[in-house]
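Asks: Submitted below is the structure of interest, expressed as structure tokens.
Okay, here's the thing in structure tokens:
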């Protein structure tokens with residue numbers, strides 16, 4: 002059999018050097034690229050009974066030309082060609098615009114197939130396509146391809162037909178026979194054929210089923226193999242903690258763990274005790290108790306003679322985490338240190354000396370932790386909070402400060418399960434999916450801009466009760482392009498209304514870091530009643546006295562961001578509120594506001610966000626490890642993704658995977674994609 006990845010596309014009939022340049026823009030350089038470049042949608046030219054077609058729907062009919070086509074010109078080079086067709090028991094008027102050449106090709110009595118938009122009231126079709134004679138089954142569904150340059154859909158389809166005719170028999174089946182039988186999947190060759198040239202919707206359905214499963218399985222095989230190599234080749238440390246001692250620590254905590262916290266603690270501690278290298282993602286909604294879970298892991302590490310590191314994105318968050326951990330761990334003789342860029346001079350030198358000497362058990366800090374001068378004596382566990390805020394390189398440098406320390410990533414940004422097992426497929430995922438008992442739900446309201454005065458009155462009521470509030474705005478200063486109220490304007494409005502009765506503070510991205518920190522400290526110390534801010538407060542602010550979150554122009558924010566901002570309140574014992582001020586112009590904007598008022602569950606919010614935005618936009622365009630699938634859709638095909646993931650685990654850990662003939666095509670695929678690298682699995 003020929004290797005289609007090695008045959009240049011110029012070997013396909015009709016493809017010359019110039020055409021090959023255009024095809025290269027579509028990432029088509031080989032015969033394999035051409036055959037696996039599938040349509041992204043299909044035009045449906047199946048014949049339909051006109052009595053069942055709705056007004057302005059696309060329709061395809063067959064019939065006999067009843068009248069001589071007449072051609073009328075109007076305007077500059079504009080024309081309309083009209084004639085009548087007898088289709089079934091109905092006479093239909095057909096109009097072609099700006100295609101005068103058709104006149105000489107049709108005559109009374111000709112059998113034709115016409116496609117276009119149906120005007121039910123006038124019984125006429127504004128036609129876009131015609132064919133003399135009756136269409137075949139192969140012509141009923143036509144693939145529409147992504148195009149670039151001068152190449153047309155018809156031309157690309159012609160090349161694909163030529164490639165399939167010549168090389169179709171060289172399409173290698175890569176799935177083992179038992180998997181094909183288990184899921185009743187058609188062959189790879191048939192799937193390619195039906196995706197390009199479907200004869201029926203059933204063909205298309207079966208071809209899609211096959212290729213969705215294949216795409217997900219191949220991707221998950223890569224992920225699971227990376228994971229296996231990472232776990233077994235890296236010689237991770239074994240944290241041999243005393244189970245009874247750890248249980249005593251957990252029982253001494255000021256509040257009982259939720260069932261979800263107990264589950265993830267067992268998962269994390271199981272990883273740490275094993276000889277395998279832990280690479281785990283811990284997801285938990287805002288306020289779900291991730292810090293307590295982290296403290297348990299850090300306690301186990303410290304009591305086993307190792308050190309732990311917790312890296313967070315901001316100084317304020319580092320201070321808050323350090324204070325929490327001191328309160329939890331210090332009574333048990335576990336030493337906690339704090340290292341940020343604010344720790345300077347003699348104090349810094351002393352801390353670094355204690356760390357290198359092993360006298361600091363847990364070090365909390367910002368990216369200051371990864372500086373060259375920071376040396377651990379025996380680093381056993383690295384935890385990064387809001388890990389997507391750190392670059393891959395920053396995380397790698399911190400890991401390398403120990404000998405393959407266990408790694409735990411924490412995030413309060415709930416990631417839908419489908420994204421978690423694709424973007425983070427090489428990690429194990431733990432989820433805290435319940436909130437501690439007694440925590441009050443945040444009441445969320447959506448109001449229009451004209452209710453601003455009432456909202457300000459609501460803020461004032463909370464301030465008079467001794468509480469504090471946030472007002473979040475999307476922009477710092479006026480933009481001519483966007484009609485958006487900015488932080489400075491809102492700050493001025495509040496000060497004007499309150500006239501010194503209450504204190505408003507202003508924070509935005511253009512302030513110096515030291516000024517931002519000072520404003521946040523003033524807010525934390527209740528020197529400021531209401532903080533007007535851009536989204537710089539999104540991550541890492543814990544002010545339990547704040548009970549009010551107002552988000553101005555809320556439709557300018559994504560769902561995930563709105564949920565994160567809402568999570569800044571509701572951290573104390575008092576009832577908290579979130580008010581969304583928005584006049585959304587689009588249906589998606591209205592849907593976002595409705596979702597926020599209906600649920601406080603971050604995982605529900607994230608799933609709905611994924612449905613509205615699609616996977617490509619969920620993390621932002623700057624790439625997040627989310628693969629581009631040609632046929633599969635992570636949102637709609639998530640059940641297949643789950644199945645493929647489990648199958649990939651079964652295959653990778655199957656005794657015969659590396660030897661038996663049935664898995665040879667899959668091994669060849671993985672080797673061709675560089676998964677094995679230089680190191681083969683045992």
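Numbering (the working numbering), first residue to last: 2 to 683. Even for Gly, the Cβ is constructed at its ideal location relative to N, Cα and C.
Could you check what DSSP says for residue 432 in three-state terms: helix, strand or coil?
Replies: It is a strand residue.
Asks: Figure out for me which residue from 367, 374 and 368 has the closest Cα to the Cα of residue 355.
Replies: If we check each option's Cα against that of residue 355, 374 comes out closest.
Asks: Who does residue 578 pair with in a DSSP beta bridge?
Replies: Residue 578 is bridged to 444 and 549.
Asks: Where do the ends of the beta strand (DSSP E) carrying residue 508 lie?
Replies: Note, residue 508: beta strand (DSSP E), 505-508.
Asks: On a Cα-Cα basis, can you pick out the residue from 384, 387, 583 and 404 that is closest to residue 376?
Replies: Residue 404 is the option with its Cα nearest to residue 376.
Asks: In whole angstroms, give me the CA-to-CA distance for residue 643 and residue 258.
Replies: Straight-line Cα distance between these residues: approximately 29 Å.
Asks: Are three or more beta carbon pairs between the region 316-334 and the region 269-283 nearer than 8 Å?
Replies: As far as the Cβ criterion goes, the region 316-334 does not touch the region 269-283, which means the pair count is below three.
Asks: Got a sec, what are the start and stop residues for the alpha helix (DSSP H) residue 312 sits in?
Replies: Looking at the DSSP string, residue 312 is not in any alpha helix (DSSP H); the run it does join, the beta strand (DSSP E), is 308-312.
Asks: Along the chain, where does the alpha helix (DSSP H) that runs through residue 191 open and close?
Replies: Run containing residue 191: 189-197, per the alpha helix (DSSP H) assignment.
Asks: How many angstroms separate the CA atom of residue 95 from the CA atom of residue 216?
Replies: Near 44 Å, if we compare the C-alpha coordinates of residue 216 and residue 95.
Asks: Looking at residue 10 and residue 30, is the spacing between their C-beta atoms short of 7 Å?
Replies: In this structure, residue 10 lies closer than 7 Å to residue 30 by Cβ.
Asks: Helix, strand or coil: how does DSSP classify residue 264 here?
Replies: Three-state DSSP puts residue 264 in a helix.
Asks: Taking the beta carbon of residue 484 as the centre, do at least 16 other beta carbons fall within 10 Å, making it buried, or is it exposed?
Replies: With a pLDDT of only 45 at residue 484, under the threshold of 50, the placement of this residue in the model should not be trusted; the figure read from the coordinates follows. The residue is exposed, with fewer than 16 neighbouring Cβ atoms inside 10 Å.
Asks: Check whether the region 129-138 and the region 104-121 are in contact - that is, three or more C-beta pairs closer than 8 Å.
Replies: Yes, they touch.
Asks: Over the uninterrupted beta strand (DSSP E) stretch that includes residue 240, give me the two end residues.
Replies: Premise fails: residue 240 is in no beta strand (DSSP E) and is neither H nor E.
Asks: Could you spell out the range, first to last residue, of the alpha helix (DSSP H) harbouring residue 646?
Replies: First-last of the alpha helix (DSSP H) with residue 646: 639-653.
Asks: Using a Cβ-Cβ cut-off of 7 Å (strictly less than) and excluding sequence neighbours within five positions of residue 612, which residues of its own chain qualify?
Replies: Around residue 612: 636.
Asks: Determine the closest residue to residue 239 out of 308, 289 and 120, with distance taken between C-alpha atoms.
Replies: For residue 239, the nearest C-alpha among the options comes from 308.
Asks: Terminal residues of the continuous beta strand (DSSP E) containing residue 533?
Replies: 531-534 is the span of the beta strand (DSSP E), which, as asked, contains residue 533.
Asks: For the beta strand (DSSP E) containing residue 340, name the first residue and the last one.
Replies: Residues 337-340.
Asks: Does the beta-carbon distance from residue 267 to residue 442 come in below 7 Å?
Replies: Their beta carbons are not under 7 Å apart, which means residue 267 does not touch residue 442 by this criterion.
Asks: Taking residue 598 as the reference, which of 73, 527 and 448 has the closest Cα?
Replies: Minimum Cα distance to residue 598 is reached at 448.
Asks: Which class does residue 52 belong to by DSSP, given the choice of helix, strand or coil?
Replies: Here residue 52 sits in helix by DSSP.
Asks: To the nearest angstrom, how far is it from the Cα of residue 297 to the Cα of residue 332?
Replies: Cα to Cα, residue 297 sits roughly 14 Å from residue 332.
Asks: Which two residues bound the contiguous beta strand (DSSP E) that contains residue 74?
Replies: Where residue 74 is concerned, the enclosing beta strand (DSSP E) stretches over 71-75.
Asks: Any idea if residue 195 is buried or exposed, counting beta-carbon neighbours within 10 angstroms, 16 or more meaning buried?
Replies: Classification of residue 195: buried, given that the 10 Å Cβ count is 16 or more.
Asks: Give the list of continuous beta strand (DSSP E) stretches no shorter than 3 residues that lie fully inside the region 73-103.
Replies: Complete beta strand (DSSP E) runs here, min 3: 79-88 and 91-98.
Asks: Tell me, which residues are paired with residue 280 by DSSP?
Replies: Answer is 408.
Asks: Identify, in the order they occur along the chain, each residue of the same chain with its Cβ nearer than 6 Å to the Cβ of residue 213, setting aside the five sequence neighbours on each side.
Replies: The residues are 632, 633, 638 and 641.
Asks: Which stretch, first to last residue, makes up the beta strand (DSSP E) that contains residue 132?
Replies: Element bounds for residue 132: 125-133.
Asks: Under 7 Å between the Cβ atoms of residue 421 and residue 408?
Replies: Not in contact: residue 421 and residue 408 (Cβ atoms no closer than 7 Å).
Asks: State the Cα-Cα distance for the pair residue 50 and residue 118, rounded to the nearest angstrom.
Replies: Taking the straight line from one Cα to the other gives about 14 Å.
Asks: If we count Cβ pairs, one from each stretch, closer than 8 Å, do we get three or more for the region 142-161 versus the region 100-110?
Replies: No, the region 142-161 does not touch the region 100-110.
Asks: Under the three-state reduction of DSSP, which class applies to residue 185: helix, strand or coil?
Replies: Residue 185: coil per DSSP, three-state reduction.
Asks: What's the call for residue 249, buried or exposed, on a 16-neighbour Cβ count within 10 Å?
Replies: Residue 249 comes out exposed.
Asks: Using the rule of at least 16 other Cβ atoms within 10 Å of the residue's Cβ for burial, across every protein chain shown, is residue 12 buried or exposed?
Replies: Exposed, because fewer than 16 other Cβ atoms sit within 10 Å of the Cβ of residue 12.
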